[in-house]
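For what it's worth, the working numbering labels the leading residue of the sequence shown as 107, then goes sequentially.
Just below is one structure, and these are the notes that go with it.
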Amino acid sequence: MEKLTAVKGMNDVLPPDSAAVEWLEAKVRALMARYAYRNIRTPIVERTPLFVRGLGEVTDIVEKEMYCFEDRLNGDPLTLRPEATAGVVRAALEHNLLYDGGKRLYYMGPMFRHERPQKGRYRQFDQIGAEALGFAGPEVDAELILMAHALWQEIGLVDVRLELNSLGQAHERLEHRKALIAHLEQHAELLDEDARRRLHSNPLRILDTKNPAMQPLVEAAPKLLDFLGAESLAHFNTLTEILKANGVAYTVNPRLVRGMDYYNLTVFEFTTDRLGSQGTVCAGGRYDYLFEQLGGKPAPAVGWALGVDRVLALARGAGLPDVGPGLDAYAIVTDAAALPLVLSTLQALRAAGVSVQMHTSTGDVMGSMKSQFKRADASGARFALIFGSDEIKAQQLTVKPLRDANVSQQQHALADLASWAGTLQSHA
Ligand code: ATP
Ligand code: MG
107 MEKLTAVKGM NDVLPPDSAA VEWLEAKVRA LMARYAYRNI RTPIVERTPL
157 FVRGLGEVTD IVEKEMYCFE DRLNGDPLTL RPEATAGVVR AALEHNLLYD
207 GGKRLYYMGP MFRHERPQKG RYRQFDQIGA EALGFAGPEV DAELILMAHA
257 LWQEIGLVDV RLELNSLGQA HERLEHRKAL IAHLEQHAEL LDEDARRRLH
307 SNPLRILDTK NPAMQPLVEA APKLLDFLGA ESLAHFNTLT EILKANGVAY
357 TVNPRLVRGM DYYNLTVFEF TTDRLGSQGT VCAGGRYDYL FEQLGGKPAP
407 AVGWALGVDR VLALARGAGL PDVGPGLDAY AIVTDAAALP LVLSTLQALR
457 AAGVSVQMHT STGDVMGSMK SQFKRADASG ARFALIFGSD EIKAQQLTVK
507 PLRDANVSQQ QHALADLASW AGTLQSHA
């Protein structure tokens, strides 16, 4: 029979690597709690029009990256979410979440995009994102950026740069758009196919091109920042003042436009040179018009999303701390008849917070003491718990340290478990 494999670009995350993901998620949960962001969980499948309306028709995602299918029963067009912001806003509208004021939310989970798989670019990948809904002020843009910055510090990321830009408001972009199209038309021979197609539908996105041949052209293009009015500039300036006051370095990148149509005012990316061409680890911005675009009452909003794979690749490069679960004890059992007593002892230990792995028999043969000790060693446990026949008779067990030669072996009565269980815990 043909061997069954995972879908290309959709990866299994196996232990011990999965421990790093759990470690990052735990750091994020604690961080979000400190900034008063609460967890939201939206479905992985949404109706296709949500993304078409939310992200914009002339975007990489909607044009070529979505996994679309029809509901088997009624033919409804459905899509595996390529990003979560549209779904979060849909949920906020559907449940009238903003009825009593703004909400700070975060999510973690898989996204799906039909891209060419390569290092740092997959077809199923995890994102962690934060969204502040219903807040118009630049201090919330700043809060989100400070929060991401704090995360990099906490997990030991180095060499992450912050790039900032402002996309202003629609009327400002309109003026800029005219100038931009004129500039690009003047050099029409330098435009690639994508750019020619977008010249009149979404010229701003041409600035986001990854084609090296077009770099001189886009570098010389008129800058949106030069078209901003006083209000947009004030928003941008307050943000940068807050960042400066908090020692967060940034560069203004006038060509930063972001892939989705829904952004206005602040846009930003955290990037690194350490991951080759997949250098954006976190990206976000303000999207004050998405609520309206999805048919709701207008509400300002701002958020970011980070790519878990890329952040972890960077964290690994910087030297991850030992993030494995760590095992306190390994139970060695010589006589199968003792198993009921052994298992109830292990249950009591686990209830006391001790992590313990039980030796497992092959059939009803428990294996020699020697082979069990080998397994105990390989498990990484700090102690072996020996349930030998002498011990069982005496209603005791032997606790033998496996890692620390300075600690001596001890016997404990099973009945006094509460008094010694704590000594097995690394974090006791
Ligand atoms: P890129 O320019 O690299 O395609 P993007 O603009 O499409 O990125 P966003 O939609 O803003 O990315 O997603 C935010 C983050 O999610 C990215 O900065 C990246 O870290 C991660 N990401 C996006 N697409 C992928 C993917 N296909 N595989 C892995 N991570 C991804
Ligand atoms: Mg992309």
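Positions of the beta carbon are idealized from the N, C-alpha and C atoms, including for glycine.
This one's a predicted model, so the numbers in the text were calculated from it and none came from an experiment.
**Report entry** Contact test: Tyr-228 Cβ vs ligand 1 heavy atom, cutoff 6 angstroms
**Finding:** Indexing the sequence shown from 1 puts residue 228 at position 122. Yes.
- Message: Distance check for Glu-128 and Thr-440, CA to CA, integer angstroms please.
- Response: Along the sequence shown, read from residue 1 onward, the residue named residue 440 stands at position 334. Along the sequence shown, read from residue 1 onward, the residue named residue 128 stands at position 22. Roughly 35 angstroms between the two C-alpha positions.
| task | Excluding the 5 residues preceding and the 5 following His-306 in the sequence, name in chain order all residues of the same chain whose CB lies nearer than 8 angstroms to its CB. | result | Along the sequence shown, one-based indexing puts residue 306 at 200. Within the same chain, His-306 has close Cβ partners Ile-287.
Handout entry: C-alpha gap between Pro-446 and Ala-487, whole angstroms
Key = In the sequence shown, the residue the question calls residue 446 occupies position 340. In the sequence shown, the residue the question calls residue 487 occupies position 381. The alpha-carbon atoms of Pro-446 and Ala-487 are separated by roughly 22 angstroms.
Determine the burial state of Ala-534: buried for a count of at least 16 other Cβ atoms within 10 Å of its Cβ, exposed for fewer. On the sequence shown, residue 534 is found 428 positions in, with the first residue counted as 1. The predicted model places Ala-534 with a pLDDT of 45, which falls under 50 and marks its position as unreliable; any figure quoted below should be read in that light. When all chains shown are included, Ala-534 counts as exposed.
Over the uninterrupted alpha helix (DSSP H) stretch that includes Val-195, give me the two end residues.
As a position in the sequence shown, residue 195 is number 89, starting the count at 1. Here the alpha helix (DSSP H) through Val-195 covers 191-200.
With burial defined as no fewer than 16 other Cβ atoms inside 10 Å of the residue's Cβ, what is the status of Thr-357: buried or exposed? Working through the sequence shown from its first residue, we reach residue 357 at position 251. The residue in question, Thr-357, is exposed, as its Cβ has fewer than 16 Cβ neighbours within 10 Å.
With a threshold of 6 angstroms, establish whether the CB of Asp-415 neighbours any heavy atom of ligand 1.
-> Here residue 415 refers to the residue found at position 309 when the sequence shown is read from its first residue. Yes, the Cβ of Asp-415 comes within 6 angstroms of a heavy atom of ligand 1.
task = Specify whether the region 384-404 and the region 345-353 touch according to this definition: at least 3 beta carbon pairs, one from each stretch, less than 8 angstroms apart.
result = no
Tell me whether Ala-105 counts as near ligand 1, meaning its Cβ is closer than 6 angstroms to at least one heavy atom of that ligand. Given that the chain is displayed from residue 107 to residue 534, the structure contains no residue 105 and the question cannot be resolved.
The beta strand (DSSP E) spanning Phe-105 covers which residue range? Given that the chain is displayed from residue 107 to residue 534, the structure contains no residue 105 and the question cannot be resolved.
Segment contact flag, the region 282-302 with the region 143-161, C-beta cutoff 8 angstroms, min 3 pairs: no
Discussion item. With a threshold of 6 angstroms (Cβ to nearest heavy atom), would Val-387 be considered close to ligand 1?
Written reply: Walking along the sequence shown from the start, residue 387 turns up at place 281. It does: the Cβ of Val-387 is within 6 angstroms (strictly closer) of some heavy atom of ligand 1.
For Arg-456, which residues from the same chain have a beta carbon less than 8 angstroms from its beta carbon, with the 5 sequence-adjacent residues on both sides left out?
Counting from 1 along the sequence shown, the entry for residue 456 is found at position 350. Answer for Arg-456: Val-462, listed in chain order.
Q. What does DSSP give as the partner residues of Phe-92 in its beta bridges?
A. The first residue shown for the chain is 107 and the last is 534, placing residue 92 beyond what the model contains.
ask   = If you run the structure through DSSP and keep just helix, strand and coil, what is Val-119?
value = Taking the sequence shown and counting its residues from 1, the one referred to as residue 119 is at position 13. The answer is coil: DSSP assigns Val-119 none of H, G, I, E or B.
Please list, in chain order, all residues with a C-beta atom less than 6 angstroms from at least one heavy atom of ligand 2. Asp-166, Gly-365
Taking the Cβ atom as the reference point for each residue, do Arg-227 and Pro-188 lie within a distance shorter than 7 angstroms?
The residue given as residue 227 occupies position 121 in the sequence shown. The residue given as residue 188 occupies position 82 in the sequence shown. Result no, Cβ atoms of Arg-227 and Pro-188 do not sit closer than 7 angstroms.
How many Å lie between Ala-192 and Thr-504 at the Cα?
-> If you number the sequence shown from 1, residue 192 lands on position 86. If you number the sequence shown from 1, residue 504 lands on position 398. Answer to the nearest angstrom: the Cα atoms are 58 angstroms apart.
If we count the other Cβ atoms within 10 Å of its Cβ and call it buried at 16 or more, is Gly-409 buried or exposed? Translated into the one-based positions of the sequence shown, residue 409 becomes position 303. Counting Cβ neighbours within 10 Å, Gly-409 comes out buried, since at least 16 surround it.
| What are the boundary residues of the alpha helix (DSSP H) that includes Gly-160? | Position 54 of the sequence shown holds residue 160. Taken as a continuous stretch (DSSP letters only), the alpha helix (DSSP H) holding Gly-160 covers 154-161.
Taking Cβ positions, are Asp-298 and Val-363 nearer each other than 7 angstroms? Numbered from 1 along the sequence shown, position 192 holds the residue referred to as residue 298. Numbered from 1 along the sequence shown, position 257 holds the residue referred to as residue 363. Their beta carbons are not under 7 angstroms apart, which means Asp-298 does not touch Val-363 by this criterion.
Check your understanding: Is it true that the CB of Gly-240 sits closer than 7 angstroms to the CB of Gly-208?
Key -> Residue 208 sits at position 102 when you count from the first residue of the sequence shown. Residue 240 sits at position 134 when you count from the first residue of the sequence shown. Yes, Cβ-Cβ distance for Gly-208 and Gly-240 is below 7 angstroms.
List the whole-angstrom C-beta distance separating Gln-224 from Ala-411, where the pair is believed to meet the contact cut-off of C-beta under 8 angstroms. Here residue 224 refers to the residue found at position 118 when the sequence shown is read from its first residue. Here residue 411 refers to the residue found at position 305 when the sequence shown is read from its first residue. Not confirmed; about 20 angstroms, so no contact.
* Asked: With burial defined as no fewer than 16 other Cβ atoms inside 10 Å of the residue's Cβ, what is the status of Leu-110: buried or exposed?
  -> Residue numbering aside, residue 110 sits at position 4 when the sequence shown is read from its first letter. It is exposed - the Cβ of Leu-110 has fewer than 16 other Cβ atoms within 10 Å.
Does the count of Cβ pairs from the region 394-404 and the region 196-206 closer than 8 angstroms reach three? yes
Cα-Cα separation, Leu-345 to Ser-450 = Sequence index remark: in the sequence shown, residue 345 carries index 239 (1-based). Sequence index remark: in the sequence shown, residue 450 carries index 344 (1-based). Approximately 59 angstroms between the Cα atoms of the pair.
Quick check on the DSSP output: the beta strand (DSSP E) that includes Val-266 runs from which residue to which?
Start at 1 with the first residue of the sequence shown, and residue 266 comes out as number 160. Run containing Val-266: none; DSSP gives neither H nor E here.
* At which residues does the alpha helix (DSSP H) containing Pro-507 begin and terminate? -> Working through the sequence shown from its first residue, we reach residue 507 at position 401. Note, Pro-507: premise wrong, no alpha helix (DSSP H); beta strand (DSSP E) at 502-507.
**Message:** So for Ser-338, helix, strand or coil by DSSP?
**Reply:** If you number the sequence shown from 1, residue 338 lands on position 232. Correct three-state label for Ser-338: helix.
With a CB to CB cut of under 7 angstroms and the five nearest residues on each side skipped, what residues in its chain are close to Lys-480? Taking the first residue of the sequence shown as 1, we reach residue 480 at position 374. No residues qualify anywhere along the chain.
### Query
Would you say Gly-432 and Ser-532 are within 7 angstroms of each other, going by their C-beta atoms?
Start at 1 with the first residue of the sequence shown, and residue 432 comes out as number 326. Start at 1 with the first residue of the sequence shown, and residue 532 comes out as number 426. Closer than 7 angstroms, so yes.
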